[in-house]
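What follows is a set of notes on a single structure, which appears directly below.
2 protein chains.
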Amino acid sequence: MANERTNQTMEQVHRLLEEYLHRRGLRVTPERKAIVDAIYGMDEPHFTIEQLNARLEAMHFRVALATLYNNMEMLMDAGLLWRHYFGPVTCYEASYDVKPHFHCICRECGMVMNLSNDRLTSRLAETRIRGFKADDAYIYLYGFCTKCAAARRRRSKKLKK
Amino acid sequence: MANERTNQTMEQVHRLLEEYLHRRGLRVTPERKAIVDAIYGMDEPHFTIEQLNARLEAMHFRVALATLYNNMEMLMDAGLLWRHYFGPVTCYEASYDVKPHFHCICRECGMVMNLSNDRLTSRLAETRIRGFKADDAYIYLYGFCTKCAAARRRRSKKLKK
DNA sequence: GTCAGTGCAAACTTTTTGCAACTAC
DNA sequence: GTAGTTGCAAAAAGTTTGCACTGAC
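Written out as structure tokens, the structure reads:
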């Protein structure tokens, strides 16, 4: 993921961050820049706070967990980050310059697959709703990945289901 | 919600529960029956474990929280319950005899609106995916309810956004 | 110089686990 | 009688809060 992102994308992300911070009267700190670099440098599209922290340490940049949590909120508001609740696990995902997609989550092993589907997602975004102003649509398909589905079938057979 | 459910629905739910338990070699306990009654007797479609527990106490039936958590898992597997992650809040929802719908969640106040949309949901259910066997589709629209959207606009103006 | 932002540790919330007692089958 | 279930309490996991210190503006 990370390494595929162009310099141009990263410059744009930093520009958007700074614009947002200035607009809100917030400060441009090295921590915030490093967190954004880490987010857009993750190897996997979805990651936990824990994994983001590990990435920052790998970049030789230590931040307090509390700082991470604080800034996740801010970055979502800035439109640079999505938050997902995959099963009971909270994950984040870089959102700038990412194609609309939805998520398939395996109930057994927790595996998450991203699926692009522009038509469906844009259809959703267009949906007008009385009494609600939507800005993001999240679609989650729950089920079992091929591997876990097979394991499950084997187990069911044993139980004479 | 609760009180609108017919006796026939409740009988059916209990039948499905017992069938599932027998099929799995699990036991039909008074706790399990009471939990299902509570779930299908909630006033609001979405509820937390806390609220479900309160409902059980109102029914003069005390169960340990651990028992509730255990049985939520089982009831989801039995197809009688959905679990949602609305923002950071875990909610449950009765699923038997409930029309497919999706959820609008206010980022500010946490309000959740159910929206029926059979066409969209069935379209999703039909989607064939390589390497994944989906059984449930969850759609969440995040945004702001009319009230919070207005409050937010006022605040933004103050910040000279 | 001021105050937002940070690190750290403690607190809090939510969920899980271990174990003895109980009960559905 | 024998497991599967339950209640209880302790533990674990994830997130938030309070406060003193730092550094962006």
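Protein chains in written order, with our numbering: chain S, 1 to 161; chain P, 162 to 322.
Ideal placement from N, C-alpha and C gives every residue a C-beta, glycine not left out.
All values derive from a computational prediction rather than experimental measurement.
Helix, strand or coil, according to DSSP, for residue i in the structure here?
i, result
"Leu26 (chain S)", "coil"
"Arg315 (chain P)", "helix"
"Ala66 (chain S)", "helix"
"Glu192 (chain P)", "helix"
"Thr90 (chain S)", "strand"
"Asn106 (chain S)", "It should be pointed out that residue 106 (chain S) corresponds to Cys in this sequence rather than to Asn. The answer is strand: DSSP assigns Cys106 (chain S) an E or B state."
"Ile290 (chain P)", "coil"
"Asn278 (chain P)", "coil"
"Met171 (chain P)", "helix"
"Leu178 (chain P)", "helix"
"Arg244 (chain P)", "strand"
"Ala239 (chain P)", "coil"
"Val259 (chain P)", "coil"
"Lys160 (chain S)", "Below a pLDDT of 50, predicted positions are generally treated as unreliable, and Lys160 (chain S), at 39, falls in that range; the measurement from the model is reported next regardless. Of the three classes helix, strand and coil, the one that applies to Lys160 (chain S) here is coil, per DSSP."
"Asp297 (chain P)", "strand"
"Tyr142 (chain S)", "strand"
Take residue i and list the residues in its own chain whose beta-carbon comes closer than 6 Å to its own, dropping the five residues that flank it on each side.
i, result
"Leu17 (chain S)", "Val36"
"Glu108 (chain S)", "Phe144, Cys148"
"Cys267 (chain P)", "Phe305, Cys306, Cys309"
"Arg5 (chain S)", "Tyr40"
"Phe222 (chain P)", "Ala195"
"Lys260 (chain P)", "Ser277"
"Arg24 (chain S)", "none"
By Cβ distance, which residues of its chain are closer than 7 Å to residue i, with the 5 residues on each side in sequence left out?
i, result
"Leu124 (chain S)", "Ala137"
"Val28 (chain S)", "Glu18, Leu21"
"Asn7 (chain S)", "none"
"Phe208 (chain P)", "Cys252, Tyr253"
"Glu192 (chain P)", "Val224, Thr228"
Starting from the C-beta of residue i, find all residues in its chain whose C-beta is less than 8 Å away, skip the five residues before and the five after it, and write them out in chain order.
i, result
"Ile49 (chain S)", "Leu65, Leu68, Tyr69, Met72, Thr90, Tyr92"
"Met237 (chain P)", "Trp243, Arg244"
"Leu213 (chain P)", "Ile196, Ala199, Ile200, Met203, Leu229, Tyr253"
"Lys322 (chain P)", "In this prediction, Lys322 (chain P) scores a pLDDT of 35, lower than 50, which makes its location untrustworthy; no coordinate-derived value is stated."
"Arg315 (chain P)", "none"
"Gln12 (chain S)", "Tyr96, Asp97"
"Thr9 (chain S)", "Tyr40, Tyr96, Asp97"
"Gly110 (chain S)", "Phe86, Gly87, Val89"
"Ala312 (chain P)", "Glu269"
"Met59 (chain S)", "Ala34, Asp37, Ala38, Gly41"
Report yes if the CB atom of residue i is closer than 8 Å to the CB atom of residue j, and no otherwise.
i, j, result
"Ala94 (chain S)", "Ile139 (chain S)", "no"
"Ala134 (chain S)", "Cys265 (chain P)", "yes"
"Phe293 (chain P)", "Met113 (chain S)", "yes"
"Leu56 (chain S)", "Phe102 (chain S)", "no"
"Leu187 (chain P)", "Ile129 (chain S)", "no"
Count the CB pairs spanning the region 70-90 of chain S and the region 16-32 of chain S that are closer than 8 Å, and state whether there are at least three.
yes
Which residues, in chain order, does the region 257-269 of chain P contribute to contact with chain S at a C-beta distance below 7 Å? Cys265
Residues in the region 129-156 of chain S with C-beta within 8 Å of chain P's C-beta atoms, listed in sequence order? Ile129, Gly131, Phe132, Lys133, Ala134, Asp135, Asp136, Ala137, Tyr138, Ile139, Tyr140, Leu141, Tyr142, Gly143, Phe144, Cys145, Thr146, Ala149
Can you give me, in chain order, the residues of the region 190-217 of chain P that have a beta carbon less than 9 Å from any beta carbon in chain S? none
- request: Give the residues from the region 75-87 of chain S that approach chain P closer than 7 Å (Cβ to any Cβ), ordered along the chain.
  value: Along the region 75-87 of chain S, the positions whose C-beta sits under 7 Å from a C-beta of chain P are Tyr85, read in chain order.
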